[in-house]
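Working notes for the structure below.
In our numbering, the protein residues as written are 197 to 334.
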């Protein structure tokens with residue numbers, strides 16, 4: 197059985213394929229492996245080109261690639277939502293009514309809340325957005 201590639205390598209393979217042959221079969225296979233990868237975290241999705249790379253495939257000419265990219269994007273949105281909602285910062289913000297700041301971060305908008313966290317459209321959701329505090333305000 198082949199050794200599983202890390203998610204970052206799979207994203208690089210997608211980027212290389214898009215710049216090269218843009219083959220639907222290859223991209224479909226890479227998306228399957230990325231969906232099955234256990235190393236995908238919120239930090240990986242938002243801190244690397246992974247999210248935008250997969251999101252860009254939602255307009256691909258191959259229906260299989262489009263469909264898998266849409267499903268993977270929806271799954272990642274749920275993962276990010278659950279991670280944020282269980283995050284210590286989100287709990288503190290809820291506890292203080294949206295005024296908390298933690299670990300050198302300042303609240304920019306409201307806490308991320310969804311009526312139904314399984315809804316991939318994210319209807320009725322608001323997002324938590326943290327920005328670094330300036331050194332003078334620490």
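Even glycine gets a Cβ: it sits at the ideal position worked out from N, Cα and C.
Through-space distance from residue 217 to residue 236, alpha-carbon basis: 26 angstroms
Euclidean distance between Cα positions of residue 204 and residue 259: 24 angstroms
Cα-Cα separation, residue 263 to residue 219: 15 angstroms
Residue 241 to residue 277 span [Cα, whole Å]: 12 angstroms
Spatially closest choice to residue 200 from 253, 255, 274 and 225, by CA coordinates: 225
Presumed contact (8 angstroms Cβ cut-off) between residue 250 and residue 265, rounded CB distance: 5 angstroms
Three-state class that DSSP yields for residue 200 in the structure shown: coil
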